[in-house]
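Its first residue numbered 1, the sequence shown is counted upward by one per residue in the UniProt record's numbering. Note that the Cβ used here is the ideal one computed from N, Cα and C, for glycine as well. Scroll down for the structure; my scribbles are underneath it.
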Amino acid sequence: MLAQADPAEIGIIAPYRAQVAAISSQLAGTSIEVDTVHKFQGREKDTMVLTTVDDVVTDFSDDPYLLNVAISRAKKRLILVAPGNEQPADSNIRDLIEYIKYNNYQVIESELYSVFDLLYQQYTSQRIAYLKKHARVSQYDSENLMYGAITDLLKQRAQLSLRIICHQPLNMLIRDPKRLDERECQYTMNAATHLDFLIYNYISKRPVLAVEVDGFHFHKPGTAQYERDRMKDHILQLYNIPLLRFATNGSGEIEELNRFLDEYAGD
Numbered sequence: 001m002l003a004q005a006d007p008a009e010i011g012i013i014a015p016y017r018a019q020v021a022a023i024s025s026q027l028a029g030t031s032i033e034v035d036t037v038h039k040f041q042g043r044e045k046d047t048m049v050l051t052t053v054d055d056v057v058t059d060f061s062d063d064p065y066l067l068n069v070a071i072s073r074a075k076k077r078l079i080l081v082a083p084g085n086e087q088p089a090d091s092n093i094r095d096l097i098e099y100i101k102y103n104n105y106q107v108i109e110s111e112l113y114s115v116f117d118l119l120y121q122q123y124t125s126q127r128i129a130y131l132k133k134h135a136r137v138s139q140y141d142s143e144n145l146m147y148g149a150i151t152d153l154l155k156q157r158a159q160l161s162l163r164i165i166c167h168q169p170l171n172m173l174i175r176d177p178k179r180l181d182e183r184e185c186q187y188t189m190n191a192a193t194h195l196d197f198l199i200y201n202y203i204s205k206r207p208v209l210a211v212e213v214d215g216f217h218f219h220k221p222g223t224a225q226y227e228r229d230r231m232k233d234h235i236l237q238l239y240n241i242p243l244l245r246f247a248t249n250g251s252g253e254i255e256e257l258n259r260f261l262d263e264y265a266g267d
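In structure tokens form, the structure reads like this:
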């Protein structure tokens with residue numbers, strides 16, 4: 001949809017500064033402008049993209065002023081990016097979605113599912129049923145859903161001789177910390193530092209893939225956890241341990257895991 005548009009004529013409005021920073025980092029090197037609603041006042045673009053972030057809109061992300069600025073700054077096209085879950089009946093976002101549908105404007109469903117879709121409130125019964133069929137390894141449903149998805153994939157690829165560990169301590173994975181600086185070493189040797197999941201070959205006992213599940217708000221840029229995540233990324237890179245990070249507001253986790261396992265099987 002945006003591939004044919006002039007990047008200089010695309011504007012993206014997000015309700016939160018942290019989200020603006022995250023999107024900007026992904027679009028670094030392009031002329032696409034990303035900002036909060038207050039910074040976009042008075043500026044028009046051929047295409048305006050409004051992204052809501054929240055699974056269910058809040059008073060902040062549903063602010064009519066936010067919607068008004070996004071709509072009024074779009075000269076040719078407005079794109080609303082919203083989660084597929086049901087929005088409150090009295091919300092402005094819900095009204096805008098219904099208006100788009102009523103006027104037969106284009107509504108595009110994502111082609112990729114997320115293992116975390118079951119976290120949405122309207123899928124409570126399906127989530128409970130799914131988790132009953134899989135081991136509960138964590139206090140967080142997001143991690144339990146990921147554990148279930150990975151174990152299902154590994155069962156389908158029994159010939160690879162892979163197993164999964166939940167909450168693998170980093171200090172039990174890295175035997176010799178000589179590649180680490182003092183801060184990284186202190187972080188690694190902390191008993192509380194762990195990988196959410198570690199896939200390993202149970203014959204060779206060698207690590208194959210680390211998997212991290214990142215709650216969007218807890219791991220967003222600017223937080224202490226975000227900085228720890230980057231440190232962990234670097235540590236794993238130093239020891240050549242592949243890592244996949246999955247945000248709970250993302251999608252396509254199964255596809256990405258399958259791609260990795262396909263490459264591993266081909267090596």
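- Selection Arg163, Ala247, Tyr16 and Pro169 evaluated against threonine 36 yields Tyr16 as nearest (Cα-Cα).
- Fewer than three pairs of CB atoms, one per stretch, sit closer than 8 angstroms, so the stretch 169-187 makes no contact with the stretch 138-155.
- Distance between tyrosine 140 and glycine 215, taken at the CA atoms: about 10 angstroms.
- In summary, methionine 172 is exposed, with fewer than 16 beta-carbon neighbours lying within 10 Å of its beta-carbon over all protein chains present.
- In the three-state DSSP reduction, aspartate 229 falls in the helix class (H, G or I).
- If you draw a straight line from the Cα of glutamine 159 to the Cα of tyrosine 264, it is about 12 angstroms long.
- For lysine 76, the closest of Lys45, Tyr202 and Leu236 by C-alpha to C-alpha distance is Lys45.
- Beta bridge pairing from DSSP links tyrosine 200 with Arg163 and Pro207.
- For lysine 155, the enclosing alpha helix (DSSP H) begins and ends at 141-156.
- Only exposed fits threonine 30, as fewer than 16 other CB atoms lie within 10 angstroms of its CB.
- Under the three-state reduction of DSSP output, threonine 188 falls in the helix class.
- Within the UniProt domain "DNA2/NAM7 helicase-like C-terminal" (6-82), the runs of alpha helix (DSSP H) that reach at least 4 residues and sit entirely inside it are, in chain order, 17-26 and 64-73.
- Apart from sequence neighbours up to five positions away, the residues of its chain that approach aspartate 229 with a beta-carbon distance below 8 angstroms are Glu212, Asp214, His219 and Arg245, ordered along the chain.
- A straight-line Cα-Cα distance of about 20 angstroms links alanine 28 and valine 81.
- Put simply, of Leu236, His167, Asp176 and Gly222 the residue whose alpha carbon is nearest the alpha carbon of leucine 195 is His167.
- For alanine 247, the enclosing beta strand (DSSP E) stretches over residues 243-247.
- Inter-residue distance for threonine 188 and asparagine 258 is about 29 angstroms (C-alpha atoms, whole angstroms).
- Distance from the Cα of alanine 74 is smallest, within the candidate group Ile93, Ala14 and Ile10, for Ile10.
- Rounded to the nearest whole angstrom, the C-alpha separation of arginine 127 and proline 207 is 30 angstroms.
- Contact between isoleucine 32 and proline 7 is confirmed by a C-beta separation of about 5 angstroms, below the 8 angstroms threshold.
- Where tyrosine 264 is concerned, the enclosing alpha helix (DSSP H) starts and stops at 253-266.
- Beta-bridge annotation (DSSP): valine 213 is paired with Phe246.
- With contacts defined by Cβ atoms closer than 8 angstroms, tyrosine 200 and isoleucine 235 do not form a contacting pair.
- Counting C-beta atoms within 10 angstroms of its own C-beta, lysine 232 has 16 or more neighbours from the protein chains shown and is therefore classed as buried.
- Leucine 238 and aspartate 176 have their C-alpha atoms some 12 angstroms from each other.
- Here arginine 43 has Gly11, Glu33 and Arg73 as same chain residues with Cβ atoms under 8 angstroms from its own Cβ, once five neighbours each way along the sequence are excluded.
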